[in-house]
Amino acid sequence: MVQYQQTLDRTFGALSDPSRRAILERLGVGRAPISELAELLGITLTGTKKHVQILEAAGLVTTEKVGRTRYCRLGPRGLEDELGWIETYRRQLDERLDRFGELLAHRKGQMT
């Protein structure tokens with residue numbers, strides 16, 4: 002459970018930043034050099050590398066060096082664990098809303 006929680010924390014932390022989400026969106030089209038990602042974000046190479054490292058630690062991005070250029074691509078890890086976690090809470094919310102709806106209907110029936 003601890004490892005699972007750490008994975009969720011790392012992934013949601015990585016996804017919490019709009020620059021990192023923009024990187025993932027761009028990499029959805031195909032691999033890109035870090036310099037292109039920096040230009041897209043309008044930030045320094047150093048700043049972009051830090052964002053990429055966070056995404057890499059979460060398993061969402063992989064990098065490879067070809068000559069003097071470091072290329073990024075989407076990582077092999079999907080978001081199945083995160084989707085499962087979200088789905089659990091979505092179901093709980095749906096159940097609560099259903100019970101709330103039943104309560105309102107019951108109270109409305111008592112008022113008439």
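Heads up: the sequence shown is residues 2 to 113, going by the working numbering. For each residue, glycine too, the CB sits at the ideal point set by N, CA and C. Treat the numbers as computed from the prediction; the structure is a model and nothing was measured.
Rounded C-alpha distance that separates residue i from residue j
{"i": "Arg71", "j": "Ile35", "result": "6 Å"}
{"i": "Leu104", "j": "Pro19", "result": "40 Å"}
{"i": "His107", "j": "Arg92", "result": "22 Å"}
{"i": "Val67", "j": "Ile87", "result": "38 Å"}
{"i": "Gly43", "j": "Lys51", "result": "14 Å"}
Beta-carbon contacts of residue i that lie in its chain and below 7 Å, excluding the five residues immediately before and after
{"i": "Ile55", "result": "Ala15 and Arg21"}
{"i": "Cys73", "result": "Leu28, Arg32, Ala33, Ile35, Leu38, Val53, Val62 and Thr64"}
{"i": "Leu41", "result": "Ala23 and Arg27"}
{"i": "Arg78", "result": "Gly60 and Leu61"}
Per DSSP, the bridge partner or partners of residue i
{"i": "Arg71", "result": "Lys66"}
{"i": "Ala23", "result": "Paired residues: none, contrary to the question."}
{"i": "Ala33", "result": "Cys73"}
Check whether residue i and residue j have beta carbons under 8 Å apart
{"i": "Leu38", "j": "Ile24", "result": "yes"}
{"i": "Leu98", "j": "Val62", "result": "no"}
{"i": "Thr89", "j": "Ala59", "result": "no"}
is_contact[residue i, chain B] using C-beta, thresh 8 Å
{"i": "Gly85", "result": "In the displayed structure, chain B is absent; only one protein chain is listed."}
Contact set for residue i: own chain, Cβ-Cβ below 8 Å, skip 5 residues either direction
{"i": "Glu57", "result": "Thr63, Thr64 and Gly76"}
{"i": "Gly110", "result": "none"}
Spatial neighbours of residue i in its chain, beta-carbon cut-off 6 Å, leaving aside the 5 residues before and after
{"i": "Arg69", "result": "none"}
Given 8 Å, three or more beta-carbon pairs between the stretch 82 to 100 and the stretch 37 to 50: Output reads no: the stretch 37 to 50 does not touch the stretch 82 to 100.
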